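Protein chains in written order, with our numbering: chain A, 455 to 799; chain B, 14 to 297; chain C, 19 to 451.
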Amino acid sequence: MDSTPTPTARSVGTNLSSPGARSESRRGLSDRLLAFLTLSPSLIALLIFVYGFIAMTVWISLSNWNSPKMDLSLADPLFSSYDRLFNTTRFQIDLRNTIVFTILFLIGSVGIGLLLAIVLDRKLPAKPLIRNIFLFPYALSFVVTGVAWRWIFNPESGINRLAEVLGINKVLDLFGLGPVQINWLTSATVIGDIPMPDFVKAQIGLPVAMIPVIIAAVWQLSGFAMAMYLAGLGTISHDIREAASLDGASTFRMYRDIIIPLLKPITISTTIILGHISLKIFDLVFAMSGKGPGFATDVPGIFVYEQTFGANRYNLGAAASVVMLVLVSLVIVPYLARSLKDVER
Amino acid sequence: MNTSTLRSTSSRRFTPGKVIGGILLILILLFYLMPMYVLVVSGLKDAVNVNIDKMWDLPNSFTAGGFSEAWDQLGPNMSQSFFLVIPATVISALLGAVNGYVFSKWRFRGSEVLFALVLFGMFIPYQSVIVPLIRFLNEIGLYGSLPGLIVVHVIYGLPITTLIFRNYFANIPYEIVEAARLDGAGFGKIFWQIMLPLGLPAFVVVGIFQFTNIWNEFLFGLTVITNPREQPITVALNNLSGSFSISWNVVMAGAVITALPTLVIYILLGRFFVRGMLAGSMKG
Amino acid sequence: MSARKFMQTRLNRRQALGMSAAGAAAIAGLPLLRPGTAFAQDAESDLEIFSWWTAAGEAKGLEQLFDAFTAANPGVNIVNAAVSGGAGSNAQVALATRLSANEPPDSWQSHTGAELKARYVDPGYTTPITDLYEEQGWNDVFPQGVIDQITVDGEKYLVPVGVHRGNVVFYNKQVLADNGIEVNDDWSIDDYFAAQETLQAAGIPSIALGSKDTFAVAQLFENTLLATLGADDYAKIWVGEIGWDDDRVTSAIESFAKYFESVNSDHAALTWDGAADLVWSGKAAFTSMGDWAYGDAVTKEQDANVGWVHHPGTAGAFVSVIDGFTLPVGAPHPNNARNWLITVGSPEAQAAFAPFKGAIPARTDADTSTFNEYMQWSAKDFGENTVVPSLAHGSAASPQFQSSVNDALITFIVDFDVATLQEALQFAQEDEG
């Protein structure tokens, strides 16, 4: 920020008794009006395009529209699309996938982001280069990422083949383990089976096919977490670190007991931002694996797309997208509300 | 410099911990670079050699590989993406600047709540507005056209551009505005003659951030424009990769081509890129 | 403050000039942003044809149709608006959104039957061409089974061009010879399973499947259903005269599951042509696929070793996958569109189109003498067998039903839960209303 000119000595409090002040306050008022008017095109646009359209989608989710012919009459019972949605095995699987993906993705990207930031916090050569390498995936489109990683996780080649080429298989052989031959994106296996009430027809566990998707997403977005943490680390003053080392704390303990707790606000905001992205993930999965064998990588975003544009079940697709919106709101609204309160304080 | 410090420096250099750490670091760096390696190397191979078994090998010969065909396929879509991104970025940046100016310097009762409501638009899943959006665009005759897609990106880009400018302008001391007002400047003049010039760095940040976001976007490009020849390059790339008779080297080369503009911007102007990223997180 | 003051303080002259220049440039530039429309002022100089024929063979077939049209209508610029991907699913999405935006092409490729009705006729996107049928004498040259599939409430809506068969199994002659397996025109599902056992013992996957393409799974399923129910009852099940809770449906599902006892282990990773490759190269014995697979073999020059037979147990039935063209409501160039339909409905155009597409002409009077052995076999059966619609390709049931069945099949080939699939089928039928 450049230097600021020194403010003049006159006070800015309005003194309504003098004529000059009165015209100034009138101008101030019309300026405020102008300010509001300038905002209004954007406000109106967003009112329509965000809130209006969301309302419309909610209506569609409560309607009978499930064919190419538009039909906005309300359904009876009203929430039948939602009832149907939650009893659809495929959507249950989608919810399972989203939750599994989000949890593992957040742990991976935030955790790795923190580690990378800490690494970059140390004395290293070529820091800008290293930082840029970690961060450049964020500049790529999810489609580009999806195309690359799909090829990498192809069971015929990819990682399995790399294990061969690098001799990893030979190492595994020494331990009596077989060569790497996981089916990755084409595997319908689900690891684990948490018992659930009867109406849950989806197997609750970790789909093997999800793992490559999680890895690809962590690869793409851990740089973002790293950048957030780096910015945060930059604000932790040198004095604190010096004090810690003078107190005899080892590097490890300094990080664990002092710095990481100080970074908590960053952890929170990063988790929330990345969390809302993972809850609505679509492009990456669409380009990388589609819905996957046995819907192993299906996510609500893909479900909405297929129901809406493929099967023309507009009400079901709308209901699913409302569920996506609710999930995202659960994460974002508290965050926005808290920031609002912070500002107003 | 006394000898004890020298000795301790040199003995600290090559501790086993550091060596292992260094190796780990290099491995991690390789992991991050691997996908680009795969894309570029596969793209450079010619059709005969793009064999699933030889995926990790370097190309045998130095040819253009799949790039020329990928360019044939994706070239028109690349211009479409440029025709989309540049107007959309410029317009949404201007609007964001004005909005950010108002929200930071002209607060009124409820403006913070309004701001939060604006900001919410940045977080919604676009699936929840896609059907009404398409019908609305259809009603106003913008559906299936590039101007329609531009309008879409401008409007849905308003929250983030407003945010970045608001945070930026918030750092400009209010005294400047006060001084200008006392000198007789009104709302508009303050914007054009003070905020805008001061806000140039923010324009760069917003410009880069929006360029990247809009260039990389997929869902709107897929659904708002239906003619495959007119769709943005990300959509064309996805179509290419699902196509029956296209060989892999072309798809990989296509992915590289798609990634190039944002990568170039990232390499040249990465600093501003990062600022946009961070500003978008509302860290303030 | 007055509005004038507002205008004065907001912009000085330089800024105002700059902004109007920018505005003018933007407005002037807008036509450039919409490629193709800047020159669409000529009323009838264009013809935009929409299809998903982008693979080598079918694209060439489409070209034959274009050539035939240009010969009869010189001076018209044909715009090929083909969309690739997903055996038409991408194209259908693109088309659906265009139609709901009132921007139809001059004609588009469509399947027949329920898909035609649900996607295009019911929402009112197509114009009846019953009069064109009368005028061109088409009522006499297309089989009745086909005409039934393009008629809704007595009006006709589509000109069929090419017909594919959906109940064919292709096999590798060498593999069968090596294992002493013979197929003949009467073979049944049990005959197939006997062969499957032999192949299992020999360690070769009996059937190659590419389940990445859900329609490949759907095809295998419907052919099993056809074999179990027979052609007449098969037709009845789609119109609700036989319920999905029928015992024979259960038995069909069980047979369907049995195929998976000897299937290629990587089926989740392959599309239909990847699976076909397994058969061409002798790594699997059979593959169940529509006859475009034969075109694939020909293109890859593998056809010498490839044999074909109708799906086990489906003798006398011809599962038809018919492509044709429609006349839109509000076509941009109505005269050209009509002439297009006349062209594609002509025997010469159909005969020229068929070999490249790997289909047979829909007209029974087209000249098939130059066709290859496979197509002649198919054409003969087309003339003689009972023509039935296909679920996997949209003619038997609506997109909603198809989508439900597809989803159910995706889970079925993982867990093989017969009861769940049968329930899903019933539910999909009820959902139909």
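Note that CB positions come from ideal geometry on N, CA and C, so glycine has one too.
Computed from a predicted model, the values in this text were never measured in an experiment.
Item, Value
"Reduced DSSP secondary structure (H/G/I, E/B, other) of C:E173", "strand"
"Any chain A beta carbon closer than 8 Å to C:R137", "yes"
"Three-state secondary structure assigned by DSSP to C:K432", "One detail in the question is off: residue 432 of chain C reads as Val in this sequence, not Lys. Helix, per DSSP."
"Min CB distance A:T492 to chain B below 8 Å", "yes"
"Reference A:G612, options A:F588, A:W638 and A:S732, closest by Cα", "A:W638"
"Within 8 Å, strictly: CB atoms of B:N240 and C:A73", "no"
"Cβ shell of C:G142 (< 7 Å), same chain only, five flanking positions each side left out", "V347"
"Chain-ordered neighbours of A:K523 on chain C, where CB pairs are closer than 7 Å", "D140 and P141"
"Where A:S609 meets chain C, residues with beta-carbon distance less than 8 Å", "For clarity, residue 609 of chain A is Pro in the given sequence; the question names Ser instead. Correct list: D284 and A287."
"Beta-carbon gap between C:G325 and C:Y175 smaller than 8 Å", "no"
"Closer than 8 Å to chain A by CB, B:W84", "no"
"Beta-carbon proximity of A:L770 to A:N614, cut-off 8 Å", "no"
"Cβ neighbours of C:N357 in the same chain (closer than 6 Å, five flanking residues each side left out)", "N91"
"C:L65, DSSP secondary structure in three states", "strand"
"B:I39, buried or exposed, once every other Cβ within 10 Å from all chains shown has been counted against 16", "exposed"
"Beta-carbon neighbours of A:P591, restricted to chain B and to distances below 9 Å", "Y45, P48 and M49"
"7 Å Cβ shell around C:V159 - same chain, five flanking residues per side excluded", "R381, T382 and D383"
"Residue nearest to C:Q320 in terms of C-alpha spacing, selected from C:A303, C:V297, C:A333 and C:E81", "C:V297"
"Option in C:I428, C:N323 and C:V423 with minimal Cα separation from C:E448", "C:V423"
"Neighbouring residues, chain B, relative to A:G565 (Cβ below 8 Å)", "Within 8 Å Cβ-Cβ: nothing; A:G565 doesn't reach chain B, min ~13 Å."
"At least 3 beta-carbon pairs within less than 8 Å: the segment 561-575 of chain A vs the segment 246-265 of chain B", "no"
"Residue-chain proximity (B:Q93, chain A), Cβ-Cβ < 8 Å", "no"
"Distance, A:L728 Cα to A:V782 Cα", "11 Å"
"Contacts around C:P379, its chain only, beta-carbon distance under 8 Å, and the 5 residues preceding and following it disregarded", "V179, G180, V181, P365, Q368, A369, F371, A372, T386 and A397"
"Interface residues of chain B facing A:V667 [CB-CB closer than 7 Å]", "Residues of chain B passing the Cβ test: none, with the nearest at roughly 14 Å."
"Which residues DSSP lists as bridging C:N190, in chain order", "C:V324"
"C-alpha distance - C:Q110 paired with B:Y169, whole-angstrom precision", "27 Å"
"Secondary structure of C:S128, DSSP reduced to three states", "strand"
"Below-8 Å beta-carbon distance, B:N251 vs any chain A residue", "yes"
"C-alpha distance - B:G234 paired with A:L483, whole-angstrom precision", "43 Å"
"Inter-residue Cα distance where the pair is C:Y138 and A:G562", "47 Å"
"Min CB distance C:S118 to chain B below 8 Å", "yes"
"Spatial distance of A:L784 from C:L134 (CA atoms)", "42 Å"
"Cβ shell of B:I227 (< 6 Å), same chain only, five flanking positions each side left out", "V98, A101 and H166"
"The segment 105-118 of chain B contacting the segment 175-190 of chain B, beta-carbon criterion three pairs below 8 Å", "yes"
"Counted within 10 angstroms of its Cβ, other Cβ atoms place A:R576 as buried (16 or more) or exposed", "exposed"
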